[in-house]
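Report on the structure given below.
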Amino acid sequence: MSYVEVPGAQVPIRMWTDPAGVEDVAMRQLHNVATLPWIKGLAVMPDVHYGKGATVGSVIAMRGAVCPAAVGVDIGCGMSAVKTSLTANDLPGDLSRLRSKIEQAIPVGRGMHGDPVDPGRLHGFPTAGWDDFWARFGGVAEAVRFRQERATKQMGSLGSGNHFIEFCLDETGAVWLMLHSGSRNIGKELAEFHMGQAQQLPHNQGLVDRDLAVFIADTPQMAAYRNDLFWAQEYAKHNRAVMMALFQDVVRKEFKKAKPVFEPVISCHHNYVAEERYDGMDLLVTRKGAIRAGSGEYGIIPGSMGTGSYIVKGLGNDASFQSASHGAGRRMSRNAAKKRFSTQDLMEQTRGVECRKDSGVIDEIPGAYKPIEKVMEQQRDLVEVVAQLKQVVCVKG
């Protein structure tokens, strides 16, 4: 489908989904965002759902301003995937050992490494700029600097919630490695600190929703936020790169006889800010639950832990600010999912996938998410599908 346009206070709301199917609280958020004086465009992806301040699945283009809550607390959260030379024929009948080895190599949940990962010991890891990146930690908000040790030990760890590590097969039987994570606790603390700072500023006192507080250009608060935001986005990218290197090391050891070869890694943020130019204007484009889908650019759109994912190429559609959905999107809250589904439901919906099937991940059950096939159908003018993946192993925090 192409988009449906809904009138908004400052800009129209372009929606790549049926507005009637969007929950009332999420529609209210979209209308609230459209009232911001700095806004120049708002695009809504088919995986849209309620979030803090701004909906997940929205692309907000502003001139001279940025809203921390529209980025979200997991700054730089995103995906990485790599195609391998392995095929379905290389896999053992029982994949539980592989899942166990992945969980041993990469801390999940709130876990962290006992000692910081030395990137110099990771096979083929690009270490250029690593020391400079950590040196810049001294320039982030003083309120979070005491977290440096934790931040170094969480580098290369998964986290919990909807984050995952998967071993997948595409339609041809080729094996792909895929993972989803962000800037861990340090990104969350930086986000929450700056959200609090923004809410205290005078120009934000009359907003319809205090969570939409913004920083405006050419102010010290904006400069401080941009510094910390871009550092956290870099942390998230490094975090995924370290995890992918650790994941590849596990695969090398477990499939030693097959001598696996890995293609270049595809990586994309889906909670972040980018400086981009549209209609002759330099804009700050915030994608919260959306990926960049510039012409020919690779992206990753995951489903849920039982349904599979898509590798895509962007079509460069300016109407969406060259964006696409970041996944299937939730159709019910975590609490609602826990009340509605049982571990038996989880086992049935993840049949054939080596993964956790206990009560601790019921909120991540496939039934709590929108059908990924419908989401993909609604954005045919935003991306083209390169490969469709189905997980056989899924690691959750």
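The letter at position 9 of the sequence shown is residue -4 when you use the numbering used here, and the numbering goes up by one with no holes. Note that the Cβ used here is the ideal one computed from N, Cα and C, for glycine as well. As the structure is a computational prediction, the values presented were derived from the model and not from experiment.
For H313, collect the residues of the same chain with a Cβ closer than 6 Å to its Cβ; drop the 5 residues on either side in sequence, then sort them by chain order. H257, G276, A277 and I278
Backbone CA spacing between S(-11) and A13 [nearest angstrom]: 20 Å
Can you tell me the Cα-Cα spacing of Q184 and I0, whole angstroms? 28 Å
Cutting at 8 Å between CB atoms, please list the residues of its own chain near R318, excluding the five before and the five after it. H36, A355, Y356 and K357
Just the Cα atoms here: how many angstroms apart are L177 and G59? 11 Å
Taking 8 Å as the threshold, find out whether the stretch 54 to 72 comes into contact with the stretch 240 to 253 through three or more Cβ pairs. yes
Return the chain-ordered list of same chain residues with a C-beta closer than 6 Å to the C-beta of G96, the five sequence neighbours on each side being excluded. S147 and G384
I need the straight-line Cα distance from L233 to H110, nearest angstrom please. 9 Å
Take Q22 and list the residues in its own chain whose beta-carbon comes closer than 7 Å to its own, dropping the five residues that flank it on each side. Looking at the sequence itself, residue 22 is Thr, so the reference to Gln does not match. So the qualifying residues of the chain are A(-4), Q(-3) and V195.
Closest Cα partner of L164 within the set L29, N226, E250 and S291: E250
For K70, list the residues DSSP reports as bridge partners. W163
Which residues in the same chain have their Cβ closer than 7 Å to the Cβ of E241, if we skip the five residues on either side of it in sequence? L85 and K88
Opposite A386 in the DSSP bridges: which residues? Coverage of the chain is limited to positions -12 through 384, which leaves residue 386 absent and any answer about it impossible.
Local Cβ density within 10 Å of G113, reported as buried at 16 or more and exposed below that: Residue identity differs from the one stated: residue 113 is Pro in this sequence, not Gly. With fewer than 16 Cβ atoms within 10 Å of its Cβ, P113 is classed as exposed.
Can you tell which of C255, D332 and L156 has the C-alpha that lies nearest to the C-alpha of I62? C255
Host alpha helix (DSSP H) of S83 (start-end): S83 to A92
Assign E253 to one of three DSSP states: helix, strand, or coil. Reading off the sequence, residue 253 comes out as Ile, not Glu. Looking at I253 - three-state DSSP - the assignment turns out to be strand.
Which residue comes first and which comes last in the alpha helix (DSSP H) that contains I173? R171 to Q186
Where do the N-terminal and C-terminal ends of the beta strand (DSSP E) with D157 fall, by residue? F151 to D157
Going along the chain, which residues of its own chain have a beta-carbon closer than 7 Å to the beta-carbon of K27, five neighbours each way excluded? V(-2), A48, M49, R50, M268 and L270
What residues are listed by DSSP as bridge partners for Q378? C155
May I have the straight-line CA-CA distance separating V31 from P79, to the nearest angstrom? 42 Å
Between which two residues does the beta strand (DSSP E) carrying N258 extend? N258 to Y265
Could you say which of E(-8), P6, V382 and Q16 lies nearest to D198 if we only look at CA atoms? Q16
Which word fits G304, buried or exposed, when buried means at least 16 other C-beta atoms lie within 10 angstroms of its C-beta? Reading off the sequence shown, one finds Asn at residue 304, where the question assumed Gly. With 16 or more Cβ atoms within 10 Å of its Cβ, N304 is classed as buried.
Look at the alpha carbon of C54 and the alpha carbon of V201, and state the distance between them as a whole number of angstroms. 4 Å
Give the secondary structure of H36 by DSSP, where H, G and I count as helix, E and B as strand, and everything else as coil. strand
Is the separation between the beta-carbon of V252 and that of S83 shorter than 8 Å? no
Would you report the Cα separation of G283 and L302, rounded to the nearest angstrom? 6 Å
Output the boundary residues of the beta strand (DSSP E) element that contains A280. Here A280 belongs to no beta strand (DSSP E), and DSSP marks it neither H nor E.
Segment limits, alpha helix (DSSP H) that includes I288: That residue, I288, is in no alpha helix (DSSP H); its beta strand (DSSP E) goes Y285 to P289.
Between the Cα of P94 and those of D332, R123, V229 and D11, spot the shortest distance and give me the residue it belongs to. V229
Looking at the secondary structure, which residues open and close the beta strand (DSSP E) in which V(-7) lies? V(-9) to V(-7)
Could you tell me if M158 is buried or exposed, where buried requires 16 or more neighbouring beta carbons within 10 angstroms of its beta carbon? A quick correction: the sequence has Glu, not Met, at residue 158. Counting Cβ neighbours within 10 Å, E158 comes out exposed, since fewer than 16 surround it.
Could you pull the start and end residues of the beta strand (DSSP E) that Y297 belongs to? S296 to G301
Integer-rounded CB distance, given that D236 should sit under 8 Å from A92: 7 Å
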